[in-house]
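Q: The sequence shown begins at 1 in UniProt numbering and counts up one residue at a time.
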Amino acid sequence: MENYFSFHAPERIAKAQKIKAIITDVDGVLTDGGIIYDNAGVEFKRFNVKDGQVIKTLREQGLLTGVITGRNSEVVKFRCRELKFDFHHHGVKNKVAVLEKELLDRNLTWEEVAYIGDDLPDLCIFEKCGLSVLPSDGLAYLQKEVDWVAQAVGGSGVFREVADFILWAQGRLESVIARNRLGE
Numbered sequence: 001m002e003n004y005f006s007f008h009a010p011e012r013i014a015k016a017q018k019i020k021a022i023i024t025d026v027d028g029v030l031t032d033g034g035i036i037y038d039n040a041g042v043e044f045k046r047f048n049v050k051d052g053q054v055i056k057t058l059r060e061q062g063l064l065t066g067v068i069t070g071r072n073s074e075v076v077k078f079r080c081r082e083l084k085f086d087f088h089h090h091g092v093k094n095k096v097a098v099l100e101k102e103l104l105d106r107n108l109t110w111e112e113v114a115y116i117g118d119d120l121p122d123l124c125i126f127e128k129c130g131l132s133v134l135p136s137d138g139l140a141y142l143q144k145e146v147d148w149v150a151q152a153v154g155g156s157g158v159f160r161e162v163a164d165f166i167l168w169a170q171g172r173l174e175s176v177i178a179r180n181r182l183g184e
């Protein structure tokens, strides 16, 4: 496991060790950013099951998970409820204000937040959070604005990549793997 994460700089590992909450945008992170409509205007999105699988693990490890998205989509609301994110906010215009309230309500600091986003509306949170992450297909000019450009593209396990790294940095990933070997 050590070699998989060995490319991370010591500063990034130190930031990940402080994380208590992983917050994410949806379109371009949990999905590939595409939106499909049928003839009746019903919206469809494709989510990666690997991202969903790790939510339960994060909850068991005491890490908070949340979604803040600018779009207001019933499909996304359904997925957030299904995965049991600790909170999810939809149709948000001011992501910082929403996240500040969540942090206040949960007695967390910005330094304890990892945030994954892919576009300009996420920039305001990138500048404040403890660990900012961009999927590898996020806007190129945002790469210099984040702590880390993940290997995965949006909709292809980027949330999982970030979660696994944080669990590893906090010394928790090996025990998670061991429990799963035992079928627990």
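Glycine included, every Cβ here is placed at the ideal spot set by N, Cα and C.
#1: Which partner residues of Tyr37 appear in the DSSP bridge assignment?
#2: What number of angstroms, rounded off, separates the C-alpha of Glu82 from the C-alpha of Tyr141?
#3: Tell whether a beta-carbon distance below 9 Å holds between Leu63 and Ala178.
#4: Pop quiz: Val29 and Val149 are said to be a contact at Cβ under 8 Å. What is the actual Cβ separation, rounded to whole angstroms?
#5: Would Ala114 and Ile55 qualify as a contact pair, given that the criterion is a beta-carbon distance under 9 Å?
#6: In the DSSP assignment, the alpha helix (DSSP H) including Val24 goes from what residue to what residue?
#7: Since Phe47 contacts Thr24 with CB under 8 Å, what's their CB separation in whole angstroms?
#8: Taking only three categories from DSSP, how would you classify Phe87?
#9: In or out: Pro135 buried (at least 16 other Cβ within 10 Å) or exposed?
#10: In chain order, what residues of the same chain have a beta carbon less than 6 Å from the beta carbon of Val153, not counting five sequence neighbours either side?
#11: Whole-angstrom Cβ separation of Cys182 and Val176, contact assumed at under 8 Å?
#12: Could you check the C-alpha separation between Asp147 and Glu60 for me, to the nearest Å?
#13: For Gly171, does the count of other Cβ atoms within 10 angstroms reach 16, so buried, or fall short, so exposed?
#14: Considering only the beta carbon of each residue, do Pro16 and Leu103 sit closer than 9 Å?
#15: Would the beta-carbon of Phe78 fall within 9 Å of that of Val67?
A: Reading off the structure:
#1: Glu43
#2: 34 Å
#3: no
#4: So it is not a contact: roughly 13 Å between Cβ atoms.
#5: no
#6: Contrary to the premise, residue 24 reads as Thr rather than Val in this sequence. It is not in any alpha helix (DSSP H) - Thr24 instead sits in the beta strand (DSSP E) that spans 21-24.
#7: Rounded, the Cβ-Cβ distance is 12 Å, inconsistent with contact.
#8: strand
#9: buried
#10: Pro135, Ser136, Asp137
#11: According to the sequence displayed, residue 182 carries Leu and not Cys. With a Cβ gap of about 11 Å, Leu182 and Val176 do not count as contacting.
#12: 26 Å
#13: exposed
#14: In the sequence under discussion, the amino acid at residue 16 is Ala, which differs from the Pro named in the question. No, these two residues do not count as a Cβ contact at 9 Å.
#15: no
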